[in-house]
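Numbering follows numbering that gives the first Met the number 0, with no gaps: position 252 of the sequence shown is 251. In what follows, a structure is listed as C-alpha cells, so that the remarks can point back to it.
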Amino acid sequence: MATIIKNGTLITASDTFVADILIENEAIAQIGKDLQHPNAEVIDATNKLIMPGGIDPHVHLDLPMFGTVSSDDHYTGHKAAAFGGTTTAMDFVVLESPSPSGRGARGEGDFQYSVDLWMEKSAKAAIDYSFHMNLTKFNDKIAKEIPSLMKMGIQTLKVFTAYNGKLRLDDGGIFKALRIAKDNGMLMMAHCENGDVIESLIPEALAAGHTSPEYHALTRPAWGAVEATLRMAAMAEQADSPVYIVHMNVGGEVDMLKYARERGVKVMGETCPQYLFFTIENLRQPDGAKWICSPPMRSKQDNARLWEGLHDGVLQTIGTDHCPFFFDGTQSIMYEGKVIAIAGKELGKDDFTKIPNGLPGIQDRMPIMWTYGVRAGHITPNQFVAYNCTNPAKIFGLYPRKGALIPGADADIVIWDAEKKIKYGVAQSHQRTDYNLYEGWELTGYPEKVFLRGKLIVDGEKWLGKSGDGQFLKRGEGEIL
Ligand code: DUC
Ligand code: ZN
Ligand code: ZN
Numbered sequence: 000m001a002t003i004i005k006n007g008t009l010i011t012a013s014d015t016f017v018a019d020i021l022i023e024n025e026a027i028a029q030i031g032k033d034l035q036h037p038n039a040e041v042i043d044a045t046n047k048l049i050m051p052g053g054i055d056p057h058v059h060l061d062l063p064m065f066g067t068v069s070s071d072d073h074y075t076g077h078k079a080a081a082f083g084g085t086t087t088a089m090d091f092v093v094l095e096s097p098s099p100s101g102r103g104a105r106g107e108g109d110f111q112y113s114v115d116l117w118m119e120k121s122a123k124a125a126i127d128y129s130f131h132m133n134l135t136k137f138n139d140k141i142a143k144e145i146p147s148l149m150k151m152g153i154q155t156l157k158v159f160t161a162y163n164g165k166l167r168l169d170d171g172g173i174f175k176a177l178r179i180a181k182d183n184g185m186l187m188m189a190h191c192e193n194g195d196v197i198e199s200l201i202p203e204a205l206a207a208g209h210t211s212p213e214y215h216a217l218t219r220p221a222w223g224a225v226e227a228t229l230r231m232a233a234m235a236e237q238a239d240s241p242v243y244i245v246h247m248n249v250g251g252e253v254d255m256l257k258y259a260r261e262r263g264v265k266v267m268g269e270t271c272p273q274y275l276f277f278t279i280e281n282l283r284q285p286d287g288a289k290w291i292c293s294p295p296m297r298s299k300q301d302n303a304r305l306w307e308g309l310h311d312g313v314l315q316t317i318g319t320d321h322c323p324f325f326f327d328g329t330q331s332i333m334y335e336g337k338v339i340a341i342a343g344k345e346l347g348k349d350d351f352t353k354i355p356n357g358l359p360g361i362q363d364r365m366p367i368m369w370t371y372g373v374r375a376g377h378i379t380p381n382q383f384v385a386y387n388c389t390n391p392a393k394i395f396g397l398y399p400r401k402g403a404l405i406p407g408a409d410a411d412i413v414i415w416d417a418e419k420k421i422k423y424g425v426a427q428s429h430q431r432t433d434y435n436l437y438e439g440w441e442l443t444g445y446p447e448k449v450f451l452r453g454k455l456i457v458d459g460e461k462w463l464g465k466s467g468d469g470q471f472l473k474r475g476e477g478e479i480l
C-alpha cells in the first residue's frame with residue numbers, strides 16, 4: 000500500500016518548499032515534484048502545510064500520585080496527542096522495586112522491574128513512545144546498573160533538585176550520575192527548583208492558614224528555579240556531561256541557560272505552553288486549582304522572557320509535562336461511550352498541598368503554539384517544527400527516524416490546515432479530563448490528517464487509530480544542540 004501526498008508545502012526545521020511525498024512500507028520513500036506510483040492512494044494537499052509528526056518529549060500518563068492517578072492512560076493520552084499532531088510521546092518511568100506487599104516506590108529501585116511495569120501500561124499505546132527513567136535514588140548498586148538502561152533503549156535519566164526525601168537526589172548523587180551518563184552516551188534531564196526552600200515555606204504557609212492554590216506558587220519561589228538551573232549547568236560543566244532542563248518556567252532560567260551556553264556548557268532547555276500564557280493570577284481565580292502544577296505559573300515578565308528564549312533560539316524544545324487530573328473528579332464525563340470519574344483537584348479543596356500537581360496539554364501543544372506562537376509572530380513556522388518535532392528527535396536519539404521529512408524517515412506526517420478556524424476547548428479535546436486550559440481560545444490552524452508510520456490515524460474529526468498500534472522506540476545516543 001502506497002500513498003502520495005501531493006503539492007503540499009513542506010515545513011521542516013530549516014526549509015519551506017512545495018513537493019510531493021511518497022509513502023511506502025511505513026516510511027517516506029521519496030520527496031520531489033510530480034511523484035508517480037501505480038497503486039498509490041493520492042491525497043491532494045494543495046494549500047496545506049506538511050510537517051513531521053510532533054514529538055512530545057515530556058508526558059506523564061497513568062502516573063499514580065496524590066492518592067489518585069493522572070487521568071490519561073497510554074491509549075487516551077496518545078489519542079489526544081494524535082489529534083493535536085503529535086505522533087511520538089516520551090513518558091517518565093517511576094523508579095520502583097518489587098516488595099512482598101506489591102509495588103514499593105520507596106524500595107531500593109530496580110530498573111528492569113520499573114521498566115517492565117511501564118511496558119505493561121504502554122501495551123495500549125496508540126502512537127509511538129519511549130521512556131525516560133526517573134533517577135530518584137542513587138547508591139552503588141544503582142550506579143552500576145545505569146548502563147543497563149542504555150541496552151533497554153532508555154538514554155535519559157531525570158533528576159530532581161526538589162521533593163526532599165521523595166524524588167530528590169543530593170548534588171553529590173547528581174554529579175556522580177552525570178559522570179556515569181557521560182561515560183555511557185546518556186543524557187541527564189533536570190527538574191530545577193530549590194527543595195530546601197520549598198520544604199521550609201510550605202509548613203509556614205499552612206501554619207498561617209494559607210491553604211489556597213496561590214500558595215502553591217508562593218511556596219515554590221522563582222529564584223529557586225533560577226538558582227537550581229545555574230547549579231545544574233555548573234555541575235554539567237564540572238562533570239563534562241550534557242544536561243537538559245525540563246519545563247523552564249522563569250525568565251531568569253532563560254538568562255542562566257544563555258549565560259551557560261555562551262560559555263560552552265552543554266546545557267539545553269525545554270519550556271511548556273502553560274509557562275508562556277499563564278501566571279499566578281490564574282491560581283487566584285475561583286478555579287485556580289486547574290493551573291496547579293510544579294513548577295508553578297509565574298509572572299507576565301516570565302512569560303515574555305520565555306517567548307524571547309524561543310524567538311532567539313536560546314531554548315531547544317517545547318514539551319507539555321502533560322499530567323492531567325479532573326478539576327472535579329466527583330463528577331463523571333463520557334469518554335468513548337464509557338462513564339469516567341477519576342479523583343482529581345477536588346482532593347485539595349481545603350489545602351493546596353493536596354491538589355494533584357499537573358495539567359493537561361498533550362493535544363493542545365501544537366495547535367496553541369501555531370496560533371499564539373507562529374501567527375502571533377513569536378516564532379517562525381520552521382522554529383515551530385524545530386521545537387515541537389525535530390529538536391526533540393535529535394536530542395533524544397530518534398533522528399532521523401523521527402522528526403524529519405526525508406526519505407527513509409518513518410512516515411509520521413501531519414497535514415496542517417493553516418486556515419482552519421476553531422473555538423478551542425474541552426469539547427474539541429480528547430484529553431480525558433473535564434477541563435481545558437485554553438477554553439474558548441480562537442485558533443487558526445489545526446491538524447487535518449495525521450499519519451503514524453504511513454497509517455492515517457486522524458482524519459479531520461475521525462479517529463482511525465487504535466490501542467496497541469504504538470511501538471516502543473529504543474533510543475540511542477542523542478545530539479547536543
Ligand atoms: N510536575 C507536575 O506538575 N506533575 C507531574 C510531574 C511534574 O514534574
Ligand atoms: Zn518535573
Ligand atoms: Zn514532568
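Glycine included, every Cβ here is placed at the ideal spot set by N, Cα and C.
To which residues of the same chain is Asn6 closer than 7 angstroms at the C-beta, ignoring the five residues directly before and after it? One-based indexing of the sequence shown puts residue 6 at position 7. Around Asn6: Val17, Asp19, Asp43, Ala44 and Thr45.
Do the CB positions of Thr75 and Arg431 come within less than 8 angstroms of each other? Numbered from its first residue, the sequence shown carries residue 75 at position 76. Numbered from its first residue, the sequence shown carries residue 431 at position 432. Yes.
If we require 4 or more residues per run, which alpha helix (DSSP H) segments fall completely within the region 346–426? Within the region 346–426, the complete alpha helix (DSSP H) runs of at least 4 residues are 364–368, 380–384 and 390–394.
In angstroms, rounded to a whole number, what distance separates the CA positions of Val495 and His131? Nothing can be reported for residue 495, as the shown portion of the chain is limited to 0 through 480.
Could you check whether the Cβ of His190 sits closer than 7 angstroms to any heavy atom belonging to ligand 2? One-based indexing of the sequence shown puts residue 190 at position 191. Indeed, a heavy atom of ligand 2 lies less than 7 angstroms from the Cβ.
What does the alpha-carbon distance come out to for the pair Pro146 and Gly172? Here the question's residue 146 lines up with position 147 in the sequence shown. Here the question's residue 172 lines up with position 173 in the sequence shown. The straight-line gap from Cα to Cα measures roughly 16 angstroms.
Is the separation between the beta-carbon of Leu472 and that of Ser121 shorter than 8 angstroms? Numbered from its first residue, the sequence shown carries residue 472 at position 473. Numbered from its first residue, the sequence shown carries residue 121 at position 122. The answer is no: Cβ separation not under 8 angstroms.
For ligand 1, is there any heavy atom lying closer than 7 angstroms to the beta carbon of Asp320? As a working mapping, residue 320 is identified with position 321 in the sequence shown. Yes.
Counted within 10 angstroms of its Cβ, other Cβ atoms place Gln284 as buried (16 or more) or exposed: Locating residue 284 in the sequence shown gives position 285, counting from the first residue. Around the C-beta of Gln284, fewer than 16 other C-beta atoms lie within 10 Å, and the residue is accordingly described as exposed.
Can you find the residues in the same chain that come closer than 7 angstroms, C-beta to C-beta, to Asn239, ignoring five residues on each side of it along the sequence? Looking up residue 239 in the sequence shown gives position 240. Looking at the sequence itself, residue 239 is Asp, so the reference to Asn does not match. Non-local C-beta neighbours of Asp239 in its own chain, meaning closer than 7 angstroms and more than five positions away in sequence, comprise Lys181, ordered along the chain.
Count the other C-beta atoms from every protein chain shown that fall within 10 angstroms of the C-beta of Glu261, then say buried if there are 16 or more, exposed otherwise. Residue numbering aside, residue 261 sits at position 262 when the sequence shown is read from its first letter. So Glu261 counts as exposed.
So within the region 83–139, which uninterrupted beta strand (DSSP E) runs reach at least 3 residues, ignoring any that extend past its ends? Here the runs fully enclosed are 85–92, 96–98, 101–103 and 127–133.
Roughly how many angstroms separate the alpha carbons of Gln273 and His57, rounded to a whole number? Working through the sequence shown from its first residue, we reach residue 273 at position 274. Working through the sequence shown from its first residue, we reach residue 57 at position 58. Straight-line measurement puts the Cα of His57 at about 13 angstroms from the Cα of Gln273.
Between the CA atoms of Ala227 and Ser199 - distance to the nearest angstrom: Numbered from 1 along the sequence shown, position 200 holds the residue referred to as residue 199. Numbered from 1 along the sequence shown, position 228 holds the residue referred to as residue 227. A straight line joining the alpha-carbon of Ser199 with that of Ala227 spans about 16 angstroms.
With H, G and I counted as helix, E and B as strand and the rest as coil, what does DSSP make of Asp195? Within the sequence shown, residue 195 is the residue found at index 196, counting from 1. Three-state result, Asp195: helix.
Can you pull the DSSP bridge partners for Pro51? Position 52 of the sequence shown, counted from the start, is the residue given in the question as residue 51. Pro51 has Ile412 as its beta-bridge partners, per DSSP.
Taking the continuous alpha helix (DSSP H) assigned at Gly250, which residues delimit it? Position 251 of the sequence shown, counted from the first residue, corresponds to residue 250. Run containing Gly250: Gly250 to Glu261, per the alpha helix (DSSP H) assignment.
What are the start and end residues of the alpha helix (DSSP H) that includes Lys181? The residue you call residue 181 lines up with position 182 of the sequence shown. Taken as a continuous stretch (DSSP letters only), the alpha helix (DSSP H) holding Lys181 covers Asp170 to Asp182.
Coil, strand or helix - Pro56 by DSSP: Along the sequence shown, read from residue 1 onward, the residue named residue 56 stands at position 57. Strand, per DSSP.
Who are the near neighbours of Ala340 in its chain, counting only those whose CB is closer than 8 angstroms to its CB and skipping five residues on each side? On the sequence shown, position 341 is the one that residue 340 refers to. Phe325, Gly328, Thr329, Gln330, Ser331 and Ile332.
Confirm, please, whether the CB-CB distance from Arg230 to Pro294 is below 8 angstroms. Along the sequence shown, one-based indexing puts residue 294 at 295. Along the sequence shown, one-based indexing puts residue 230 at 231. No.
Inspect the beta-carbon positions of Gly469 and Ser70 and report whether they are closer than 8 angstroms. The count along the sequence shown starts at 1 and reaches residue 469 at position 470. The count along the sequence shown starts at 1 and reaches residue 70 at position 71. At least 8 angstroms separates the beta-carbon of Gly469 from that of Ser70.
Roughly how many angstroms lie between the CA atoms of Gln362 and Ala79, to the nearest whole one? Numbered from 1 along the sequence shown, position 363 holds the residue referred to as residue 362. Numbered from 1 along the sequence shown, position 80 holds the residue referred to as residue 79. Going by the C-alpha atoms only, they are around 5 angstroms apart.
I need the boundaries of the beta strand (DSSP E) containing Ile341, first residue and last residue. Reading the sequence shown from its first residue, position 342 is the one you call residue 341. Ile341 -> no beta strand (DSSP E), and no H or E assigned at all.
Please check the pair Thr316 and Tyr386, which I expect to be a contact at CB under 8 angstroms, by giving their CB distance rounded to whole angstroms. Stepping through the sequence shown from its first residue, residue 316 is reached at position 317. Stepping through the sequence shown from its first residue, residue 386 is reached at position 387. So it is a contact: roughly 6 angstroms between Cβ atoms.
Counting beta carbon pairs with one atom in the region 60–70 and one in the region 29–39, are three or more of them shorter than 8 angstroms? Proximity of the region 29–39 to the region 60–70 falls short of the contact definition, fewer than three beta-carbon pairs being nearer than 8 angstroms.
I need the DSSP call for Gln29, collapsed to helix, strand or coil. Here residue 29 refers to the residue found at position 30 of the sequence shown. DSSP places Gln29 in strand when its eight states are reduced to three.
If you compare alpha carbons, which of Val196, Leu134 and Ala259 is closest to Arg167? In the sequence shown, residue 167 corresponds to position 168, counting from 1. Among Val196, Leu134 and Ala259, the Cα nearest to that of Arg167 is on Leu134.
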